[in-house]
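One structure is given below, encoded as structure tokens.
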Amino acid sequence: MDGVIGYIVSVVVIPAALAAFVGGLALATPLRRRAWVVGAGIAIALPIAFVASFVSELGTVALARKFVVVEGDDAPFERWHWLGISCVALIALGLLATIVRTLVTRDGERIVDLVFLLVAALAVSVFVQFPQPSIASQIGLAGLVVAAGSAVALAGGALLWISWGTFGILAALAGIGGFASLAVMAGAVSVASLLLAILAAIGGKSIKDAKPVESAGGPLVVAATMLALVARGGDVYDQSKTPDWIWWIVPLVPGFALLFMRQSLRASSIAAATFWRTLGAALVGVAVLGAAIAMDASKASGSDDEDDPYADMYGG
Amino acid sequence: MTTMRNAFLLAAAVVLPVSLAPMFATAPVPARQAATEASAITFDPVHSMAIFRVQHLGAGYFYGRFNELTGTATWPLDDSAAPTFDVTSEVKKVDTGSEKLDGNLQGPSFFNQAEFPTIQFKSKSAERIGERHWKVKGDLTLRGVTKEIETDCTVTGIGKGPTGQKVGFECMFTIMRADYGMKWGIEAPKGALGNEVRMTIALEGDVAKAKE
Chain A
3 MDGVIGYIVS
13 VVVIPAALAA
23 FVGGLALATP
33 LRRRAWVVGA
43 GIAIALPIAF
53 VASFVSELGT
63 VALARKFVVV
73 EGDDAPFERW
83 HWLGISCVAL
93 IALGLLATIV
103 RTLVTRDGER
113 IVDLVFLLVA
123 ALAVSVFVQF
133 PQPSIASQIG
143 LAGLVVAAGS
153 AVALAGGALL
163 WISWGTFGIL
173 AALAGIGGFA
183 SLAVMAGAVS
193 VASLLLAILA
203 AIGGKSIKDA
213 KPVESAGGPL
223 VVAATMLALV
233 ARGGDVYDQS
243 KTPDWIWWIV
253 PLVPGFALLF
263 MRQSLRASSI
273 AAATFWRTLG
283 AALVGVAVLG
293 AAIAMDASKA
303 SGSDDEDDPY
313 ADMYGG
Chain B
8 MTTMRNAFLL
18 AAAVVLPVSL
28 APMFATAPVP
38 ARQAATEASA
48 ITFDPVHSMA
58 IFRVQHLGAG
68 YFYGRFNELT
78 GTATWPLDDS
88 AAPTFDVTSE
98 VKKVDTGSEK
108 LDGNLQGPSF
118 FNQAEFPTIQ
128 FKSKSAERIG
138 ERHWKVKGDL
148 TLRGVTKEIE
158 TDCTVTGIGK
168 GPTGQKVGFE
178 CMFTIMRADY
188 GMKWGIEAPK
198 GALGNEVRMT
208 IALEGDVAKA
218 KE
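Protein chains in written order, with my numbering: chain A, 3 to 318; chain B, 8 to 219.
In structure tokens:
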């Protein structure tokens, strides 16, 4: 049991704490008064959680062996390790998107978001190739990044709370699918999002002139790309009965903040607005996860007599 | 009359041995050739499997199997030379008795079926240990990593089935799974699953019929 606790601490708690520390500097210190710092902090923190968990689980060699020959390492590059490499790249891309956003007018910010989202979608569709890639699968991946971007944009100030739940659902699905490593990595991002959401709430209350959390710029590009990548990676390697459509819909869960958008826009406080948006996404998220669990359980229980490998054991 | 009978007997005495000679001379040869030439053996997937054993949580030994191994072997049925093996297992044929666990083993944390769908052993050399008992060296390719291993192989029997002659083998070896990049559960989570995996490969194959 100690081994399991130690494992969870090393691959979930410490990476999440590291991400929370980095993000917390932007969210819960006087730096919170600068909007771009808030955005940069979140854009850096989310992928840091994933990368730290990835490295803790597999070592830095898993990130390096795609590009350099590591002495004493004869293991081949595994395609799902693109997830770790992508998150390293997203740290830079998210930071850049946040900085570029400060250089344009208010009207130009949306265009910057769109351009960076398209750059991320194009990059992952070119480089991130999971097993049995095809033109359709790569276009689908790019499309999912853009669709997730549209969904994440609706999360508004509830981005971190919704990120907590959405990455939590992906972690659960990966666990159901027998992909323990991805489960803990998505779990680390989920826990990091929760810690960041708490720090953001504390910072927002305690720091005068604190800038709000926004689903825009770096955080939008990073969160959308990570959601799409983790979902597709989880789906490709899924060994459970979870249908593909479940994996495809999860990155879109943040968009269901729209369900209570009217209440959110009429809310008298930021906390209330955040609550309503989170509630919409949470309801759909729980329903999706519940459906996945139910389908997996029902199909598993009904498969006992199907394709019995022992049926012809004594033949031949 | 007597002269004719003597001539016939003489002729018979000369001709018969000459005509029968090839029969006696060549009769043992095909048998000898069949014994010394290696027979081609094609494994019967239904009766060929691999059983693995790994320690769970530092406590009990957990057993699982890979069903339906395929491949070929060569071996002279009189054991006058070493067997050769080319055996393939599909990762999706893993069978632990738990569908959930099978899925976990096929996932990227273990065998990574999506990227490395097969496990293969190809023998390279062998050394006799005893009668029908060989130490066979060869390359094991698992998760894209190829390493030389040494297996202890026994010919378990030669039998006859409805489809012809059958030969059985049993080979055993031990590997450290971390050598093949399968590290989950060794250090993280520490001690969840052992590093050492003992393999028992049970093979049964059909001997190819000699060409007439």
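For each residue, glycine too, the CB sits at the ideal point set by N, CA and C.
Remember, it's a predicted structure, so these values are computed and weren't measured experimentally.
- The Cβ-Cβ distance between residue 129/B and residue 159/B does not fall below 8 Å.
- Counting only unbroken stretches of 3 or more residues, the beta strand (DSSP E) elements lying wholly within the segment 91–150 of chain B are 91–97, 125–137 and 140–149, in sequence order.
- The C-beta separation of residue 45/A from residue 224/A comes to about 5 Å, placing the pair in contact by the 8 Å criterion.
- Using a Cβ-Cβ cut-off of 8 Å, residue 182/A is close to 111, 114, 116 and 191 of chain B, given in chain order.
- Look at the segment 10–34 of chain A: the residues with a C-beta under 9 Å from a C-beta of chain B are 10, 12 and 13.
- Taking residue 236/A as reference, the option from 111/B, 80/B, 214/B and 59/B with the minimal CA-CA separation is 111/B.
- Here the alpha carbons of residue 113/B and residue 103/B stand approximately 11 Å from one another.
- Ranked by how close their Cα comes to the Cα of residue 178/A, the residues 73/A, 283/A, 196/A and 244/A have 244/A in first place.
- CA-to-CA, the gap between residue 158/A and residue 104/A works out to about 18 Å.
- Not one beta carbon of chain A lies nearer than 8 Å to the beta carbon of residue 94/B.
- Under the Cβ criterion of 8 Å, residue 152/B is counted among the residues facing chain A.
- Shown in chain order are the members of the segment 77–91 of chain A whose Cβ falls below 7 Å from a Cβ of chain B: 77, 78, 80, 81 and 82.
- The beta carbons of residue 28/A and residue 35/A sit about 10 Å from each other, so the pair does not count as a contact at 8 Å.
- Listed by position along chain A, the residues whose Cβ is nearer than 7 Å to that of residue 90/B form an empty set, because the closest Cβ is around 21 Å away.
- Residue 280/A carries a helical assignment under DSSP once its states are collapsed to helix, strand and coil.
- In the three-state DSSP reduction, residue 179/A falls in the coil class, being neither helix nor strand.
- Put simply, of 48/B, 73/B, 65/B and 52/B the residue whose alpha carbon is nearest the alpha carbon of residue 59/B is 73/B.
- The alpha-carbon of residue 77/B is positioned some 19 Å away from that of residue 165/B.
- Taking the C-beta atoms as reference points, residue 5/A is found nearer than 8 Å to residue 199/B.
- Per the DSSP secondary-structure output, residue 68/B pairs in a beta bridge with 62/B.
- Residue 278/A and residue 189/B have their C-alpha atoms some 45 Å from each other.
- When only Cα atoms are considered, residue 213/B and residue 127/B end up about 20 Å apart.
- In this structure, residue 90/B and residue 141/B form a Cβ contact; the two beta carbons are roughly 6 Å apart against a cut-off of 8 Å.
- Judged by beta-carbon spacing, residue 150/A lies beyond the 8 Å limit of residue 285/A, meaning their Cβ atoms are not closer than that value.
- Scanning the segment 58–137 of chain A for uninterrupted alpha helix (DSSP H) segments of 4 residues or longer gives 63–66, 84–104 and 108–129, listed from N- to C-terminal end.
- Here residue 294/A carries a helix assignment [DSSP, helix/strand/coil].
- In the DSSP annotation of this structure, the continuous segment of the beta strand (DSSP E) that includes residue 171/B starts and ends at 171–183.
- Residue-level contact check: residue 119/B touches chain A, since one or more beta carbons of chain A fall below 8 Å from its beta carbon.
- According to DSSP, residue 155/B shares a beta bridge with 146/B.
- The C-beta of residue 71/A has fewer than 16 other C-beta atoms within 10 Å across all chains shown, which makes the residue exposed.
- About 20 Å separates the Cβ atoms of residue 69/A and residue 187/A, ruling out a contact at the 8 Å cut-off.
- Here the alpha carbons of residue 44/B and residue 192/B stand approximately 47 Å from one another.
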